[in-house]
Each structure stands twice: as structure tokens, then as C-alpha cells.
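From first to last, the protein sequence lines are chains A and B.
Okay, so the first sequence: first residue is 1 according to the UniProt record's numbering, each after it adds one.
Okay, so the second sequence: first residue is 1 according to the UniProt record's numbering, each after it adds one.
Each remark here refers to the structure printed beneath this line.
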Amino acid sequence: MITRAGFVAAFLSTLGVAGAASAQGGKFVIAENFPPRAGFALETDDANVLSKAGCLEMLTRIDFDGKLKPALATSWTQTAPDAWDFTLRKGVSFQDGQALTAASAAAALNAVLKVTAPARAFSPKLIKSVEAINEDTVRVTTPVASVLTPLRLAAANTGILSPAAYKDGKIDPVGTCTGPFVITRVNGQQGMSLKRNDKYWGGAVKLAEVEIKFIPDANVRATQVRTGEAHVGAAVPASTLATLKSTAGLKIESIATPRTSTLLINTKKAPLDNPKVRQALQMALDLQGIAASVYEGSVQPAIGPFAPAEPWAPKGAKPAAYDPKKAQALLAEAGIKPGSLTLDLFAYVEKIEFKDLAAILQDQFNAIGVKANIRVAEYKALEPDILAGKYDLALLSRSHMVDVADPAGYLQSDYGCGGGYNLSHYCNAKFDEKLAKVAGEADPAKRYVVYSELAQDLQNDAVNIFVIHEAGNDAYSAKVRNYKIHPLYQYTLTPELALE
Amino acid sequence: MWLFVTRRLAVLLLTLLVVSVFAFLIPYLSDGDPAVLVLRSRVADFQVDQAAVEALRQQLGLDRSLLAQYLSWLNAALHGDFGYSYTSRAPVIDQIGRALLVSITLAMSALGIAIVIAVPLGTAAATRPGGPIDTAATFVTQTLVAIPEYWMAPMGILVFALYLGWLPSAGWDGMSSLVLPAMVLALRPLAYFTRVTRAAMMDVLQAPYITAARSRGLSMTQTVLRHGVRNGAIPVVTLFALWLAGLLGGSVVVEVIFAIPGMGRLIYEAVINKDIPVLQASFVAIVALSVLINTLADILYAVLNPMVRMAHAHA
């Protein structure tokens, strides 16, 4: 029996139109989700667009294993508590032929510091000065002692471009990067064309030509891979994974992102200021079931604020136990009778899963005798009440590595007593003390141990309910070699990436 | 006739002045601090640095009074300067020019497809009311009116891009990428055009001059082609203009799904990024074009229909 695909193929070959829409020849095509939105201003997320495109490079880099590695700088030393010297790699040239020098690197970093709204990862609040102290050394000083400076220099916002890129307050990345790929054409928010940088300092680059298409609709990105119009479809929706997995010639690359969907709890408001009530709510939730149903099994139930694969996650930790009976007992211990507690649950529409998630949470809370009134709106409409502490529960998708590849900033801002984004209004002197003590610790391994303890404390205290660790899924053609998702989404086009 | 045109142009200018006030105010009517929202769109995160927000507010001039902002905006707009995008930092006028060109191409293609099918179909349906063509046309048009574009677009992609592989699923790169979105956009106007053509033709075919033409020995086909279509098409001209004006800024769903860099997507991105200068200029451009298109349609209507010219001459 002839299959539908076989019939269509035969029909198309007769018409001579088969493959009309496929990605052409040796050109590598990727369907990306986020276009450059700010004229490639490096203090914005556009810097990530450039680093993902294999154009922009920084002094240091977070590698695919999550560790800090040399990039344009080969080494770095803390010469004083508040000063770090970065030694530049020799023989690196920008794509316009100019040599990378300490002066040009310092000028690039100072340009990012001087903008009106600087990047959080690299702002004058955190960085006092950047100067070239000799031909190949850049000194970065901070207002206070900092062990995180080398990590800050891995943020895409600190990318180094040729002096020619900085004109009239604008950024021109065409031919001014140092990376493995040279941008040849930028077509607004539609796409970008790139070619191999034959003089790349890091060695041979396998792909000769690349086209990046910016496609806002996630389902269309998935379709582009299925039709063969793109070799990679970035951030495909969970709902398409089953179909994509069953499509011949396609593969899925998944990664737990440093982002956790969290049910915030207003810990300053009675009776949620009682840890027993919070623990009861935590035990009422079947996180495994939520991951399997709302997210169709594409994510892992949360073990705390950090995903298990992260170096600062508590070793061997498991999701909070699902135990409705114990939850009811805890509520009884807290003096709350079944049906007597009603909580407001906020969910914002920008995260499409949150409406369904809120409905399931409402149902599971109801099972232990706690009523939840759901309020769904845009985040901006909910935010004033959340910030002012006029809420009970709120769903939030939160990244703990927005600024720098270390969760210290997140722990401080979200759970420190004076934290700038402490939406759960949590304040624990011991937590702050522990965090302050580790701030000056230069050894990452020692810092990570403390972070994992703090994460476990948050989980045990049920400060918030960490629901699921969000995942990123990219679909790609089986002809693509060496495709990996970077844990911080900083690099996609690498020298090793190849097309069969 | 000239008096008629002059009057319409005066109304056009007055409308634009009123529109400019609304265009300026609309972005401020929504909740939230524009500076915070602009900053969030740049870093894709809710947590923003308050000092950066203040600096941005000053840089964008959002700390001035609304009246001061409006007057300087109007003065610049009258000189063709709509400022720079808050996000891309490119001149707004350039962005709108490029996007309008794309949307006009898409809208004209869609309406072209619609009219080429609708006029013969509506005419054929009108010549035999209740006949098989009329019944089929009524069924098809009623179905098309009910199908939303956000459903039809993915279906079109599935069939023509995924299963058949004839057309690209998204993008704006040559003629082939125009076909699918234009077809999707054409379906609803096609339904309306067919129904309007049918109704107009049924009126026309009962007119005395049609009976006179038939009595002179002309066949039905000759009568319809020589005397019926021109008169029957007059309401379609008005409808065409209305749809064209609507599609210039109103094809957001299709432009986003097919990743087409037209006005719909520009406005969509501007709303997401809280890009006030782009939103304001887009609104002005779309309303101005709508009024202009409808003015031109009225003039064309007058050219096609002498009774309209007579009425204006006597007025």
C-alpha cells in the first residue's frame, strides 16, 4: 500500500517541486525565537543574540559544562580584594583586521558602563573602573571586594567589539566581532546571514555559511524543522515534542534551564508566616503529576530553587513529598480547620502554562481543605500588589542566573532581608549571615557548598514552593553534528558545529 | 468634482489632527511605567534596576509633562520626524516605511486573490439564484467567514508547507513566501466580496436597462459582461477599500505566525516592547492611510457612478 508521504513524494517529483522549501545546499539554517530588539545594544539581551550567533566573545566564558573558562583572556588574577587583572590572548584580531589590545578591550567595557541604563551584570554600581595597565592586561576594579568579577566578564553584555563598532552611540556588529562567525547581513527582525571567520583564533570553523531566521511563533519554528526549512528549531513547545520525536531524521536536545517555576508565598502574611502552613501547602502538591500533565513530561519536578545538575544544587535532593494527609495534619497543628482558609492565587498570562497550573494547584489545595481564588492578569497588573505584599500566593517563572553564572545575586535579591526582588518578603538573619560570609570566598567549590545548604534551607522552610525546573527543547536535523544547548543560552553557533 | 475632492482632503487633515492626539495618548492609557516596561523588554526579566529606570525615563523624555511631550512630538511629526524607536534606536519613519511596503504588498495580493475569485463567483451565483453555483457559493462563503485566521494559518502551513512541501512555512523571502499568507488573508474578504457581488448583481440584473439590453437580442453572458459587471462591482470597490485599510495594520495574526515584517508585526513587537514612538507613528500612519484610501475609494466611486457626482454637484 502506498503511504501518504510516498504518494506526495511521487506527486511532487512529477511536478518537479519537491524540496522547494527546504534549507538550501550547505547553508546551515536555524530558526531562533528572539530577534535583536535594541539595535544590538550590548547592555541588553541583544548581546546574547550576538554571542549565540558565534560573533560576540567576552574575556571569559561559561562553557557547556557550566564552568568558567578562558576566552579572549587566557588568565586572570585577583591582584587586590577589589581588583582583577585579565591577561589577553595573544594574536587575536577583530574581524575587521584590527588587533585586540588591552586598550580596545578596556574601551569596549567602558562603553557598556557609560550607557544610560547599564546591564545589571556590569554596571557602575558593581564596577568602579576598567583600564588597560599594559599592552595585554586589563584591570577591572570594583567598589568593594568581589570574587565574582571573572564571572561577570563572561556575561554577554561584556562582549568585546572592534573600536569601529561604536559609532554615534550605536553598535555595529557587522565585521567587528572576534568570534568564529562573521555577520554579513542583518535583515531587521527577520534574520541574519553569517559566514565562517577563516582567521578565527580558536581554529578551524566547520560551517561555511549560516542563516538565522527569527520566528516568533514557537509552533512555526517546530514546523520549520519538520519541513526541512531549518536545520534547528530553537525553543520548540512541549506540545510538539512527541510529534518531533516521532519524525524521522529529527532529534531533540533538552536541557534544564536555570529557571524555576515557583509558587511564591507571602511569608509576612498570617497564617502563611507559620512554616507549618507553608509546609502543608508544599505537601499538598503532586509535583511529579504536575510535571507529567501540565508540562507533558518535558520538565522535572523541582527539588528546590536549583535544578539537580547545577553545581550548587543540594546533592541527592528530591522534590517535596506529596502527602495530603500529613498536610492536613500540619494544618490542624497550625489551628486551621478544613475549609476555613481561603487564599488568593495570582498567575500571569505571559507564561502560558500558568493558567492550567493555577487550576491544578487550586484543585490540590482544595483536597486538603484550603480554598484558592485564582486571579489571572498580565504581570504588570499583578506586580504592584505582589511588591507591596498584598497577595497570598503567586506563580513566578524566575531565573537564578540572569546576571552572572553564580546564584549569590539571586539568593541575595530574592531571599535576603533587604533583597531588591524579595517578593516572598522572607527575612532570616541566619540566612543573610551565611550568605554574607560566603561572599568573599574565592574558591567556587566552597561557595557552592554554602549555596546548596541555603537552597535546602529554603526548601525545608517552605519559603516558596518550587514547582518545576523549566526545560529548553531544541529540535534539530539528524544531519547536524555537535549540536548542544548552552546552559545559559549564550552560545549556539560554535566552531565544532557541522552539517553532514 | 474638484470641490468634492477638496472637501474630502480637508476632512482628511482634520481627522489626522484629531488622530494625532489619540495616537499620542494611547500608549499612556495602559497600566505600567513605560520606562520600566521598556527596560524589561530589553533584558527579558521582571527584575529591573530602579536607577536604570530613572536614567532611561530622563533619556526618553518621559519625565516631562504630557502636554510638553505632545507638542514637541507634534512639531517633529509635522516635519516628518517621528523620532527614534525606544528599542531598536532606528528612525521610526524608516521602520514604518519598510513595514508598510510589506503590508501593502501582502494586503493587495490577498485582496487581488479575493476579487479575482469573488466577482465571477458572485456574478455566476446571481445569474441563477438558488442554483447549484449559488448554493455552493453561499455554503463556501458562510464557512470562510466563520474560520478565524489563527486556525487557518497553521492549517495552511501544515498542508502546503509540511505535507505538500510546496511553500515555505514562514518568512518573507520572495514570491513563494507571499502565497500562503496572502491565501489565508484572502479567505474572509473573498467571502464578503462574493456575497456583496451576488447581492449587487441581483439588483443590477433586475434593472430596466438590463431588460432593454436583453430585448435588443444580447445573450445573458454578453449582457452581464457589458452592462452588469461594471455596475455590480461598485459596492465591491467600497468594500475593497475598507478591507485594504483594515489589512494594513490588522493582519497581526498572519504576520506574526508567518514571521512577516509588516505593520501588524511591527505593532505587535512595539506593544510587547512598549515602544511608544513606533506605536504612535504606526497608529497615525494606519489611520491616515485608511482615511486616504477611503477618500480615494469615494472619488473612484464617484467616477464609476455618475449619480454620486450629480449629488455633489447639486450640494
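All C-beta atoms in this analysis are idealised placements derived from N, C-alpha and C, irrespective of residue type, glycine included.
Within the stretch 244-262 of chain B, the residues whose Cβ lies closer than 8 Å to any Cβ of chain A are, in chain order, Val256, Ile257, Phe258, Ala259, Pro261. Counting only Cβ-Cβ distances below 7 Å, A:Tyr421 has contacts in chain B at Gln47, in chain order. Inter-segment contact for the stretch 191-211 of chain A and the stretch 222-229 of chain A is absent: fewer than three beta-carbon pairs are separated by less than 8 Å.
Annotation for B:Tyr209: no beta strand (DSSP E) segment contains it, though the alpha helix (DSSP H) segment containing it runs 208-215. DSSP places A:Asp85 inside the beta strand (DSSP E), whose first and last residues are 83-88.
Neighbours of B:Ser103 in chain A, taken as residues at a C-beta separation under 7 Å, are lacking, since the least C-beta distance is about 14 Å.
With 16 or more other Cβ atoms from the protein chains shown falling within 10 Å of its own Cβ, B:Tyr84 counts as buried. In the DSSP assignment, the residues bridged to A:Thr60 are A:Pro70.
The DSSP-derived three-state label of B:Trp166 is coil.
A straight line joining the alpha-carbon of B:Ile147 with that of B:Ala259 spans about 21 Å. With a minimum length of 4 residues, the unbroken runs of alpha helix (DSSP H) contained wholly in the stretch 229-282 of chain A fall at 241-245. DSSP, reduced to helix, strand and coil, places B:Ala191 within a helical segment of the structure shown. Proximity to B:Asp203 across B:His227, B:Tyr192, B:Ala186, B:Ala118 peaks at B:His227, based on C-alpha coordinates.
It is roughly 38 Å from the alpha-carbon of A:Val182 to the alpha-carbon of B:Ala110.
Going by DSSP, B:Asp81 is part of no alpha helix (DSSP H) at all; its letter is neither H nor E. Counting the other Cβ atoms within 10 Å of the Cβ of B:Tyr28 gives fewer than 16, which makes it exposed.
Taking one beta carbon from each stretch, the stretch 451-462 of chain A and the stretch 270-283 of chain A have 3 or more pairs nearer than 8 Å; the two touch. Interface flag for A:Gln224 against chain B is set, since a Cβ pair is found closer than 9 Å. With contacts defined as CB atoms closer than 9 Å, A:Asn48 and A:Ala156 qualify as a contacting pair.
As DSSP reads the structure, A:Ile183 sits in a beta bridge with A:Leu194. C-alpha of A:Val138 to C-alpha of A:Ala165: approximately 20 Å in a straight line. Taking the beta carbon of A:Glu229 as reference, the chain B residues within 7 Å of it are Pro168, Ser169, listed in sequence order. Against B:Ser88, the close residues of chain A are Arg37, Ala38, Gly39, in the order they occur along the chain (beta-carbon pairs closer than 7 Å).
Annotation for A:Gly191: Glu211, Ile212, Lys213, Phe214 place their beta carbon closer than 7 Å to its own, counting only its chain and skipping 5 residues before and after.
Around B:Gln59, the beta-carbon contacts reaching into chain A at under 8 Å are Thr116, Ala117.
The stretch 133-152 of chain B and the stretch 179-192 of chain B touch, with three or more beta-carbon pairs separated by less than 8 Å. Here the alpha carbons of A:Lys128 and A:Ser261 stand approximately 35 Å from one another. Neighbours of B:Trp172 in chain A, taken as residues whose beta carbon is under 8 Å from its own, are Gln190 in chain order. Taking a contact to require three or more Cβ pairs closer than 8 Å, the stretch 157-172 of chain B and the stretch 227-245 of chain B do not qualify as touching.
Under DSSP, A:Tyr348 forms a beta bridge with A:Ala377. Under the Cβ distance rule, B:Val271 does not count among the residues neighbouring chain A, no pair being separated by less than 9 Å. B:His227 sits in a helix when the DSSP states are folded into three classes. Neighbours of A:Ile215 in chain B, taken as residues at a C-beta separation under 8 Å, are given in chain order as Ala170, Gly171, Ala259. The beta carbon of A:Glu135 is closer than 7 Å to those of Thr101, Ala102 in its chain, skipping five residues each way along the sequence. The Cβ-Cβ distance between B:Leu247 and B:Pro189 falls below 9 Å.
Taking a C-beta cut-off of 8 Å against chain A, the contacting residues of the stretch 120-154 of chain B are Pro154, listed in chain order.
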